[in-house]
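> Before we start, here is the structure in question, set down as structure tokens.
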Amino acid sequence: MEAFEVLTSNLILLSIKIFFIAVLSLLSVFLVVLLKQIISMNEIVHDTNDSIILRTVSIILLVISVSLLLTSLVIL
Amino acid sequence: MPDIFVGHSEKKEEAIEQDKIGGNVYIFSAFTLNPSDISFKNQEKDEKILLFVRKHFLTNLKWVLTAVLLSLVPIFFPLILSDLNSFFNLPGKYILFLVFSYYLLLATYVFINFVSWFFNVSFITNLRLVDVDFSGSIYKNVASTKLSLVQDVSYDQTGVLRTFFNYGDVIIQTAGEQKHFDLVASPKPSEIVHLVSGMIGKHGSV
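Residue numbers (my numbering), protein chains in the order written: chain A, 24 to 99; chain B, 628 to 833.
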């Protein structure tokens, strides 16, 4: 019975890890697309003051997402 | 000797002069006359932007409130997680990771909505109207029409919020391929209509 509980708890942890990796991979890809879209939109509407802010925020989100993805691969 | 009393007419003239000089477009700007620090692709050398319009910032209220409510969810997390933890026996690092991932997803949600609002812009220049639509990071549409093709311009302002905060839909009918340009939830719609209707006559024979 104990062996069964250990097995199910390990399976649950593994499935959570796979879930995190899948979600964060998709999010990272999406954020790359978003960053490309922001750069292309900045070419259409060139705002001298605020373009840099949006790009920076987008890059920060991407960096956090990739960091969490790597963390989920290594630590979890 | 400094002026103590300044007449209203002088103040008005100053305001008009200020409009002619041009305003700055800030990150939350939704209506700027003669913007000086913004341009768009394929803008001609002699083309001057007379008006820059975005949707009124109040149109963002829905997603802002949603984000605020969602950001409070982790406060109630311990109540839910105490049951979950006893069932799944999750280690602390998993819970911490879950909370970080949750806030990252929430930040992305806020950013996408903000960017969608930010890049949904319209320009009225001395030559044409340019309408840029951008939504959800996958839809992008840029339309423009010459002022000589503009046939009619009107605005629609219904609802308490729209009346109180003075924003509404400006509908510009054209003789071009695109039958009408809709500037949805634009601030000061009466001023936009006034500006565009004034321009129609000037460019009638271009």
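Here a beta-carbon is modelled for each residue, glycine too, at the ideal position from N, C-alpha and C.
Does residue 33(A) come within less than 8 Å of chain B when only Cβ atoms are used?
As a position in the first sequence, residue 33(A) is number 10, starting the count at 1. For residue 33(A), the answer is no, since every Cβ of chain B falls outside 8 Å of its Cβ.
> Taking only beta-carbon atoms, is residue 62(A) less than 8 Å away from chain B?
Locating residue 62(A) in the first sequence gives position 39, where the first residue counts as 1. No, no contact with chain B.
> Skipping 5 residues on each side, what residues in its chain have a beta carbon closer than 6 Å to that of residue 681(B)?
For the purposes of this step, residue 681(B) is taken as the residue at position 54 of the second sequence. Correct list, in chain order: 657, 748.
> Is it buried or exposed for residue 81(A), if we count other Cβ within 10 angstroms and need 16 for buried?
Position 58 of the first sequence, counted from the first residue, corresponds to residue 81(A). Its Cβ being crowded by 16 or more others within 10 Å, residue 81(A) is buried.
> So residue 795(B) and residue 784(B) are supposed to be a Cβ contact under 8 Å. How far apart are they, rounded?
By 1-based counting over the second sequence, the position of residue 795(B) is 168. By 1-based counting over the second sequence, the position of residue 784(B) is 157. Contact holds; Cβ gap of about 3 Å.
> Under 7 Å Cβ-Cβ, which residues of chain A neighbour residue 672(B)?
Against the second sequence, residue 672(B) aligns to sequence position 45. Under the 7 Å cutoff, chain A gives no residues; its nearest Cβ is about 15 Å from residue 672(B).
> Within a Cβ cutoff of 7 Å, which residues of the same chain sit near residue 77(A), ignoring the five residues on either side of it in sequence?
Locating residue 77(A) in the first sequence gives position 54, counting from the first residue. Only 61 meet the Cβ criterion.
> Can you tell me whether residue 720(B) is helix, strand or coil according to DSSP?
Walking along the second sequence from the start, residue 720(B) turns up at place 93. The answer is helix: DSSP assigns residue 720(B) an H, G or I state.
> Assuming residue 675(B) and residue 752(B) make a contact with CB atoms under 8 Å, what is their CB distance in whole Å?
Sequence index remark: in the second sequence, residue 675(B) carries index 48 (1-based). Sequence index remark: in the second sequence, residue 752(B) carries index 125 (1-based). Their Cβ separation, rounded to whole angstroms, is 6 Å, which keeps residue 675(B) and residue 752(B) in contact under 8 Å.
> Taking a contact to mean a Cβ-Cβ separation below 8 Å, would you say residue 776(B) touches residue 826(B) in this structure?
As a first step, residue 776(B) is located in the second sequence; it is residue number 149 there, counting from the start. As a first step, residue 826(B) is located in the second sequence; it is residue number 199 there, counting from the start. Contact flag unset, no.
> Step through the CB atoms of chain B and report whether any lies within less than 8 Å of the CB of residue 79(A).
Here residue 79(A) refers to the residue found at position 56 when the first sequence is read from its first residue. It does not; no Cβ of chain B falls within 8 Å.
> Helix or strand or just coil, what does DSSP make of residue 816(B)?
Taking the first residue of the second sequence as position 1, residue 816(B) is located at position 189. The answer is helix: DSSP assigns residue 816(B) an H, G or I state.
> Since I believe residue 66(A) is in contact with residue 668(B) (beta carbons under 8 Å), could you give me their beta-carbon distance rounded to a whole number of angstroms?
As a position in the second sequence, residue 668(B) is number 41, starting the count at 1. As a position in the first sequence, residue 66(A) is number 43, starting the count at 1. Going by Cβ atoms, the distance from residue 668(B) to residue 66(A) rounds to 6 Å, so yes, they are a contact pair.
> May I ask you to list the residues that DSSP assigns as paired with residue 780(B)?
Here residue 780(B) corresponds to residue number 153 of the second sequence, with the count starting at 1. In the DSSP output, where bridge partners are listed per residue, residue 780(B) has 799(B).
> Determine, using beta carbons only, whether residue 95(A) comes closer than 8 Å to chain B.
As a first step, residue 95(A) must be located in the first sequence, where it is residue number 72. Taking Cβ atoms only, chain B reaches closer than 8 Å to residue 95(A), which makes this a yes.
> Can you tell me which residues form a DSSP beta bridge with residue 755(B)?
As a first step, residue 755(B) is located in the second sequence; it is residue number 128 there, counting from the start. Bridge partners of residue 755(B): 773(B).
> So which residues on chain B does residue 54(A) lean against when the C-beta distance must stay under 8 Å?
Position 31 of the first sequence, counted from the first residue, corresponds to residue 54(A). Residues of chain B passing the Cβ test: 735.
> Verify the CB distance criterion: does residue 819(B) have a CB-CB separation below 8 Å to chain A?
Here residue 819(B) corresponds to residue number 192 of the second sequence, with the count starting at 1. Closer than 8 Å: no.
> Is the CB of residue 664(B) under 8 Å away from at least one CB in chain A?
Taking the first residue of the second sequence as position 1, residue 664(B) is located at position 37. Chain A contact via Cβ: present.
> Can you find a CB in chain A that lies within less than 8 Å of the CB of residue 732(B)?
If you number the second sequence from 1, residue 732(B) lands on position 105. With 8 Å as the cut-off, residue 732(B) counts as an interface residue toward chain A.
> Quick check on the DSSP output: the alpha helix (DSSP H) that includes residue 98(A) runs from which residue to which?
For the purposes of this step, residue 98(A) is taken as the residue at position 75 of the first sequence. That residue, residue 98(A), is in no alpha helix (DSSP H); it is neither H nor E in DSSP.
> For chain A, find out if any of its Cβ atoms is closer than 8 Å to the Cβ of residue 698(B); answer yes or no.
To locate residue 698(B), count along the second sequence from 1; it is residue 71. So no, residue 698(B) is outside the interface.
> For residue 831(B) and residue 689(B), I'd like the C-alpha separation in whole angstroms.
Indexing the second sequence from 1 puts residue 831(B) at position 204. Indexing the second sequence from 1 puts residue 689(B) at position 62. Confidence is the limiting factor: at residue 831(B) the pLDDT is only 45, short of 50, which leaves the residue's position unreliable, though a coordinate-based value still follows. Computed Cα separation, rounded: 41 Å.
> Which chain B residues are close to residue 39(A), counting only those with a beta carbon under 7 Å from its beta carbon?
On the first sequence, position 16 is the one that residue 39(A) refers to. Correct list: 721.
> Does any CB atom of chain A fall closer than 8 Å to the CB of residue 739(B)?
In the second sequence, the residue the question calls residue 739(B) occupies position 112. Closer than 8 Å to some Cβ of chain A, the Cβ of residue 739(B) qualifies, so yes.
> With a threshold of 16 other CB atoms inside 10 Å of the CB of residue 885(B), please say whether the residue is buried or exposed.
The requested residue 885(B) is not part of the displayed model; chain B covers only 628 to 833.
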